[in-house]
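Residue numbers (my numbering): 173 to 550. Inspection log for the structure reproduced underneath, given as structure tokens.
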């Protein structure tokens, strides 16, 4: 496997793509949606890489090497020695629900020799939990799914994903499949958020909309939690997600507020919160967030030992970026320290992350985590 990368900071830098001399099979592209839609950018990509497949999306911050950028485009070019790849996409608007959408996407991939699937989705017009459910309905249990939801800064206005033809589109879900025995894949996910307050029961919800906690209006209670910061909702909610525990499970997913509805006093989250689950409010501790990124990296080294990964995709939540602020690059650096400095890093800040909790287990939609997918080729 060979990898080269470049970061493009403005319209005037599209020619920097020519700095990549690799005859790439695949381009990972993450960046500012407006920049990615520029005709000059599309032309530069196609002129330099007429035969390469493109996989990527709009973001809320770009990861390239050990640095984090904003309003830029990160391009990582990869050439495989013997691994085969396949990219397929679907339009969310063409299906009656997101479960069906996930099923139809997965059906486009031959299952024989499929080693891993990375999924990128529109980050606004999707129920990520239902999408993953649909994919896993059709996918072999031996194949893990990682990925994330496209971002749009903190605007939550419009997100974009490259389709299988390399065109940037909204309402798009795209998947990248890796085939063959020569590719090894590792992954890990962790948040590092700190629970506080009492555990409350979800007494009324529908998919990702939370109406009641302990039979009280959810938005009212949440505003009481936030105090003065409630006036800045939904953005301030990124710093105070909910931990969502089902029954006696020790694995709790994190859910972040993406919107509020004053009329019915509900909260709109980045993932499903079913009736009957228990939730706790969470708060940020910078050291714990960075430690969470470290744990995620350590989980990936259970599958590909330190020093053997050649390439890694980091998908971290925009909420973490808002909390970490000028320390945001520390969570990238700690990942590099764990998996080894030999690995080339790329990635983005997202509206949601996709990963199993551990090896040989189902995938879930997460919020507020650092999710890592590492690769090595024989």
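Every residue, glycine too, gets a C-beta built ideally from N, C-alpha and C. Just so we're clear, the structure is a prediction, and the values are computed from it rather than from any experiment.
Same chain, Cβ closer than 8 angstroms to residue i, five either side skipped, listed in chain order
i, result
"residue 369", "397, 452 and 453"
"residue 260", "277, 280, 281, 336, 346, 347 and 349"
"residue 533", "none"
"residue 441", "380, 381, 382, 414, 427, 428, 429, 430 and 539"
"residue 185", "none"
"residue 366", "454, 455, 456, 457 and 460"
"residue 478", "510, 511 and 512"
Coarse secondary structure for residue i, derived from DSSP in three states
i, result
"residue 500", "helix"
"residue 554", "The question about residue 554 has no answer here: the residues shown for the chain are numbered 173 through 550."
"residue 225", "strand"
"residue 529", "coil"
"residue 182", "coil"
"residue 414", "strand"
"residue 371", "strand"
"residue 473", "helix"
"residue 465", "helix"
"residue 213", "helix"
"residue 316", "strand"
"residue 192", "coil"
"residue 494", "helix"
"residue 118", "The first residue shown for the chain is 173 and the last is 550, placing residue 118 beyond what the model contains."
"residue 230", "strand"
"residue 436", "coil"
"residue 549", "strand"
"residue 203", "strand"
"residue 505", "helix"
"residue 484", "strand"
"residue 362", "strand"
"residue 513", "coil"
"residue 478", "coil"
Same chain, Cβ closer than 7 angstroms to residue i, neighbours up to 5 away in sequence not counted
i, result
"residue 537", "300, 301, 304, 443, 524 and 526"
"residue 594", "Look at the range of the chain in this structure, 173 to 550, and you will see that residue 594 is not part of it."
"residue 377", "383, 445, 446 and 447"
Neighbourhood of residue i by C-beta distance below 6 angstroms, restricted to the same chain and skipping five residues each side
i, result
"residue 371", "450 and 452"
"residue 297", "264 and 343"
"residue 189", "216 and 220"
"residue 470", "510"
"residue 529", "423"
"residue 389", "437"
"residue 456", "411 and 495"
"residue 275", "306, 309 and 310"
"residue 256", "351 and 352"
"residue 402", "395"
"residue 505", "238"
"residue 213", "186"
"residue 405", "432"
9 angstroms Cβ cutoff met for residue i and residue j
i, j, result
"residue 511", "residue 481", "yes"
"residue 286", "residue 350", "yes"
"residue 464", "residue 545", "no"
"residue 282", "residue 258", "yes"
"residue 475", "residue 359", "yes"
"residue 246", "residue 428", "no"
"residue 198", "residue 348", "yes"
"residue 248", "residue 483", "yes"
"residue 501", "residue 242", "no"
"residue 373", "residue 448", "yes"
"residue 361", "residue 543", "yes"
"residue 354", "residue 253", "yes"
"residue 233", "residue 323", "yes"
"residue 326", "residue 490", "yes"
"residue 485", "residue 177", "no"
"residue 415", "residue 407", "no"
"residue 461", "residue 495", "yes"
"residue 179", "residue 231", "no"
"residue 340", "residue 319", "no"
"residue 488", "residue 522", "yes"
"residue 433", "residue 392", "no"
"residue 229", "residue 333", "yes"
"residue 173", "residue 531", "no"
Counterpart residues of residue i in DSSP-defined beta bridges
i, result
"residue 378", "381"
"residue 449", "The partner list for residue 449 (beta bridge, DSSP) is empty, contrary to what the question assumes."
"residue 489", "522"
"residue 427", "414"
"residue 345", "262 and 293"
"residue 337", "Its beta-bridge partners do not exist; DSSP assigns none."
"residue 117", "Residue coverage of the chain in this structure runs from 173 to 550, which leaves residue 117 outside it and unanswerable."
"residue 539", "None, per the DSSP bridge assignment."
"residue 240", "235"
"residue 324", "326"
Residue i: CB within 8 angstroms of a non-hydrogen atom of the ligand NAP
i, result
"residue 189", "The ligand NAP is absent from the structure shown, which contains no ligand whatsoever."
- [ ] Ignoring anything shorter than 4 residues or poking outside the stretch 242-314, list the alpha helix (DSSP H) runs there in chain order.
- [x] 270-279 and 300-310
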